[in-house]
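Chemist:
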Amino acid sequence: MLENEALFDEVVDELKKRGSIQDFEEKYGKITGRMMITETEIPEELGIEINDPDVHSFKATFDFYNTAIGLALNVKTRETATKFWLTPQDDRNDVPTNSWFEFFAMILMEALDEGMDSIPTFSFVNDSSDLTISGLGLLEKK
């Protein structure tokens, strides 16, 4: 499940107003899933404590999996500080396939290229493409 479905819905509403979702679906086909990347904490049960202000933890949540993928990394050097971890969001505990770990890492790195203000990210996906929005600038009042 998505970390913040209400916020994701606000992004959807704004993108629909602008015609961006319609344009994407016309070009690449119907959106079949969504992923959101947010900052998080390293779960205590992992027993990992990192005291480096440049290390941030992130998680990817999906509307088609009920397990989040987490990763901590140094945002300046891009070196990972942990391996990926999984956090079940309910009793179903379905594990994302490897391609979603790769997609999470790719979108996270692209977002961080734009700076920490690019988090959270909102990705709309299908079998052939993705539409990813970084940060909350889209929702800022003009």
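The opening position of the sequence shown corresponds to residue 1 in UniProt numbering, with each subsequent residue numbered one higher. All residues carry an ideal CB built from backbone N, CA and C; glycine is no exception.
Considering only C-alpha positions, which residue in the set Asp63, Glu140, Phe103, Trp85 is nearest to Thr32?
Modeler: Nearest option by C-alpha distance: Asp63.
Chemist: Quick one: Cα of Lys142 to Cα of Thr61, how far?
Modeler: Residue placement at Lys142 cannot be trusted, given a pLDDT of 45 that sits under 50; what the coordinates show is reported in the next sentence. Cα-Cα distance, rounded: 29 Å.
Chemist: Got a sec? Which residues, its chain only, sit under 6 Å from Leu73 by beta carbon, not counting five neighbours each side?
Modeler: Closer than 6 Å at the Cβ level, and outside the excluded window around Leu73, lie Thr80, Ala81.
Chemist: Relative to the alpha-carbon of Thr132, which residue among Leu139, Glu114, Met116, Ile107 has its alpha-carbon at the smallest distance?
Modeler: Selected option, being the one with the closest Cα: Ile107.
Chemist: Tell me the DSSP secondary structure of Leu112 in three-state form.
Modeler: It is helical.
Chemist: What do you reckon, are the CB atoms on Phe84 and Phe101 nearer than 7 Å?
Modeler: Contact: yes.
Chemist: Since Trp85 sits in a beta bridge, which residues does DSSP pair it with?
Modeler: Its beta-bridge partners are Gly70.
Chemist: Are the beta-carbon atoms belonging to Pro96 and Ile69 less than 7 Å from one another?
Modeler: The answer is yes: Cβ separation under 7 Å.
Chemist: Going by the CB atoms, is the gap between Phe58 and Glu39 shorter than 7 Å?
Modeler: Going by C-beta atoms, Glu39 is nearer than 7 Å to Phe58.
Chemist: Can you tell me whether DSSP reads Phe64 as helix, strand or coil?
Modeler: Looking at Phe64 - three-state DSSP - the assignment turns out to be coil, as it is neither helix nor strand.
Chemist: Taking the alpha-carbon of Glu5 as reference, which of Gly19, Leu15, Met35, Lys16 has the nearest alpha-carbon?
Modeler: Measuring from the Cα of Glu5, the nearest candidate turns out to be Met35.
Chemist: For my contact list, Ser128 and Gly19 are in at a C-beta cut-off of 8 Å; report their separation, rounded to the angstrom.
Modeler: Contact flag wrong, Cβ pair sits at about 20 Å.
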